[in-house]
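**Student:**
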Amino acid sequence: HVGKVDDVFSPGDSVLVMVKEIDDMGRINLSRRRALEKKSEPEMAERFADAFVLEDAREERIKALPPSNDRDRNQRGGAPRPGGRPGGDRPSGDRRSHSGPPRRSGSGDRNRDR
Numbered sequence: 020h021v022g023k024v025d026d027v028f029s030p031g032d033s034v035l036v037m038v039k040e041i042d043d044m045g046r047i048n049l050s051r052r053r054a055l056e057k058k059s060e061p062e063m064a065e066r067f068a069d070a071f072v073l074e075d076a077r078e079e080r081i082k083a084l085p086p087s088n089d090r091d092r093n094q095r096g097g098a099p100r101p102g103g104r105p106g107g108d109r110p111s112g113d114r115r116s117h118s119g120p121p122r123r124s125g126s127g128d129r130n131r132d133r
């Protein structure tokens, strides 16, 4: 994990990656780690020699960075929530049932009669 992506990458940088997955919605998941693991394969090492040199230099910069503070991150990558709760401040339960007056219906034009 890298604390700040800007410490390692800049906009416009070429980065060696492999396609990890293309999901059913057409989104492409990439893996830099998988690409770096292919360096030991002779065909890949020859074909992407220049890219591996750049990635090796980038790896050295990553190793020189101070360790990131992973304990302050939850599994999804955000900061921990106050009180250690996994959700927000809303009560759990059926959100469709509510108390109070019924909602207005219509086109939503509040200033229509003015």
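Mapping of the sequence shown onto our numbering: residues 20 to 133, in sequence order. For each residue, glycine too, the CB sits at the ideal point set by N, CA and C.
Within a Cβ cutoff of 7 angstroms, which residues of the same chain sit near phenylalanine 67, ignoring the five residues on either side of it in sequence?
**Tutor:** Here the question's residue 67 lines up with position 48 in the sequence shown. Around phenylalanine 67: Leu35.
**Student:** So, at 7 angstroms on beta carbons, what are the nonlocal neighbours of lysine 58 in its own chain, with the 5 sequence-adjacent residues on each side left out?
**Tutor:** Against the sequence shown, residue 58 aligns to sequence position 39. These residues qualify, in order along the chain: Ala64 and Phe71.
**Student:** For alanine 54, count neighbouring C-beta atoms within 10 Å of its own C-beta (all shown protein chains included) and say buried if the count is 16 or more, exposed if not.
**Tutor:** In the sequence shown, counting from the first residue as 1, residue 54 sits at position 35. When all chains shown are included, alanine 54 counts as buried.
**Student:** On a CA-only basis, which of Gly45, Asp43, Met44 and Leu84 is nearest lysine 23? Give me that one, please.
**Tutor:** Position 4 of the sequence shown, counted from the first residue, corresponds to residue 23. The residue with the shortest Cα to Cα distance from lysine 23 is Leu84.
**Student:** My guess is that valine 27 and arginine 77 are in contact by the Cβ rule of under 8 angstroms, so how many angstroms apart are they, rounded?
**Tutor:** Locating residue 27 in the sequence shown gives position 8, where the first residue counts as 1. Locating residue 77 in the sequence shown gives position 58, where the first residue counts as 1. Contact annotation, valine 27 with arginine 77: C-beta distance approximately 6 angstroms; criterion of less than 8 angstroms satisfied.
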